[in-house]
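Using this note's numbering, you'd call the opening residue of the sequence shown number 18 and step up by one each time. First comes the structure, then the notes that go with it.
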Amino acid sequence: MRQIGYSVLMGLAFAAGACGGFDNTPFRTGTVRGHITEADPAVALVSLVGNPDIRGTVNADGSFLVERVPAGPGELFIVASANKALRLPVVVPGGGSARLEDVKPRAAGFLELKVRAPGHQRVGNGQVSVTGTPFQGLQLEENGKRQVGPLPEGCYTLETSVPGFPVKTTDACVGEDEHKEVKIDLPEPDEDFASRGCSVNGCESGSHCAADGRCLECVSDDQCAPGLSCQSERCRAPGEPCKPCDENEDEGCPSDGQGQGCEELREGVSACMARCDNQIW
Numbered sequence: 018m019r020q021i022g023y024s025v026l027m028g029l030a031f032a033a034g035a036c037g038g039f040d041n042t043p044f045r046t047g048t049v050r051g052h053i054t055e056a057d058p059a060v061a062l063v064s065l066v067g068n069p070d071i072r073g074t075v076n077a078d079g080s081f082l083v084e085r086v087p088a089g090p091g092e093l094f095i096v097a098s099a100n101k102a103l104r105l106p107v108v109v110p111g112g113g114s115a116r117l118e119d120v121k122p123r124a125a126g127f128l129e130l131k132v133r134a135p136g137h138q139r140v141g142n143g144q145v146s147v148t149g150t151p152f153q154g155l156q157l158e159e160n161g162k163r164q165v166g167p168l169p170e171g172c173y174t175l176e177t178s179v180p181g182f183p184v185k186t187t188d189a190c191v192g193e194d195e196h197k198e199v200k201i202d203l204p205e206p207d208e209d210f211a212s213r214g215c216s217v218n219g220c221e222s223g224s225h226c227a228a229d230g231r232c233l234e235c236v237s238d239d240q241c242a243p244g245l246s247c248q249s250e251r252c253r254a255p256g257e258p259c260k261p262c263d264e265n266e267d268e269g270c271p272s273d274g275q276g277q278g279c280e281e282l283r284e285g286v287s288a289c290m291a292r293c294d295n296q297i298w
């Protein structure tokens, strides 16, 4: 009789499981607890790589808790302070908790972005996001620059969006304690936007929006610095025009005592230019 009762109970259990009566939802996720050394709670955070909405804050003592983490292997994205970060593999038990003791962050890296649009159009109203991380919707500066970090060592996908232009995806890797320059050239604008040109976003600093929608360096001499005149929509100095050269190759530039060297211009070409403290691009 006991055997029959046991068999009936087991049969009912299997039947309930087969009909979806067994709720395994609590076993689909778990929690991650830990402690970060050298943590600054003002900036510290912990999130899940690939799903930045799953995140937790860091307490003053460096302890943290991340809940509803999918069970199984994953990777934590940890920002400990303004210059310390770490990516850390973790295995989360379903319905349980993974505990990480004394997580030691490492020197973080930074991506130094330089974004520019075709035709010298303004990009200051654009944004950049780092896919799968908490760094989302970061506003570009007026000159198209933006520092992204602190980032743990690794490779990342950047998405740059500026109104009127297709989203530009860029892959970049950064090492520990590295400041890596990343130049991002936006693709040609959408057809409707292109017909309106700079009347929508304006022009980058040093350029002027012409009636035909193009960004020009100048249309008259009064838009140029003293001693320069507007020639072919460019501010030029008296004398011979800049001599073309191979980028980063100073050979072939005049040795006239003015310290001329081969410099990259905004148009993407290079020319012999007098060296100064301000970078052209």
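Backbone N, C-alpha and C fix where the C-beta goes; we use that ideal spot for every residue, glycine too.
Burial state of residue i, where buried means 16 or more other Cβ atoms lie within 10 Å
i           : result
residue 113 : exposed
residue 99  : exposed
residue 163 : buried
residue 169 : buried
residue 116 : exposed
residue 138 : buried
residue 134 : buried
residue 63  : buried
residue 215 : buried
residue 152 : buried
residue 74  : exposed
residue 94  : buried
residue 150 : buried
residue 143 : buried
residue 61  : buried
residue 255 : exposed
residue 70  : exposed
residue 47  : buried
residue 126 : buried
residue 246 : exposed
Which listed residue (the options) has its alpha carbon closest to that of residue i
i           : options               : result
residue 195 : 124, 80, 44 and 108   : 124
residue 167 : 101, 223, 251 and 63  : 101
residue 220 : 210, 71, 231 and 211  : 231
residue 132 : 121, 178 and 106      : 178
residue 225 : 240, 202 and 188      : 240
residue 129 : 140, 121 and 201      : 201
residue 183 : 47, 189, 209 and 150  : 209
residue 104 : 136, 97 and 92        : 92
residue 49  : 108, 58, 61 and 122   : 108
residue 111 : 119, 175, 61 and 43   : 43
residue 51  : 97, 65, 69 and 118    : 118
residue 79  : 65, 127 and 97        : 97
residue 205 : 136, 47, 68 and 67    : 136
residue 122 : 56, 76 and 250        : 56
residue 185 : 207, 229, 245 and 238 : 207
residue 76  : 242, 68, 65 and 59    : 59
residue 17  : 81, 213 and 66        : The structure shown does not extend to residue 17, since the chain is modelled only from 18 to 298, so the question has no answer here.
residue 249 : 242, 243 and 238      : 238
residue 2   : 45, 66 and 198        : Residue 2 lies beyond the range of the chain shown here (18 to 298); nothing can be said about it.
Anticipated Cβ contact below 8 Å, residue i with residue j, distance rounded
i           : j           : result
residue 140 : residue 165 : That pair is no contact at about 15 Å.
residue 17  : residue 53  : The structure shown does not extend to residue 17, since the chain is modelled only from 18 to 298, so the question has no answer here.
residue 217 : residue 181 : 6 Å
residue 187 : residue 203 : With 8 Å as the limit, residue 187 and residue 203 do not qualify as a contact, their Cβ atoms being about 10 Å apart.
Can you find at least 3 beta carbon pairs, one from the region 144-159 and one from the region 77-87, that sit closer than 8 Å? no
Could you check whether the region 233-250 touches the region 143-156, counting it as contact only if at least three pairs of C-beta atoms, one from each stretch, sit closer than 8 Å? no
Unbroken beta strand (DSSP E) runs of length 3 or more, entirely within the region 61-124: which are they? 62-65, 68-74, 80-87, 89-98, 101-109 and 114-120
As an exercise, report each continuous beta strand (DSSP E) stretch of at least 3 residues that is fully enclosed by the region 123-199, in chain order. 126-133, 144-147, 162-168, 171-178 and 185-191
Let me know the alpha helix (DSSP H) ranges lying completely inside the region 207-247, each 4 residues or longer, listed in chain order. 208-213 and 215-218
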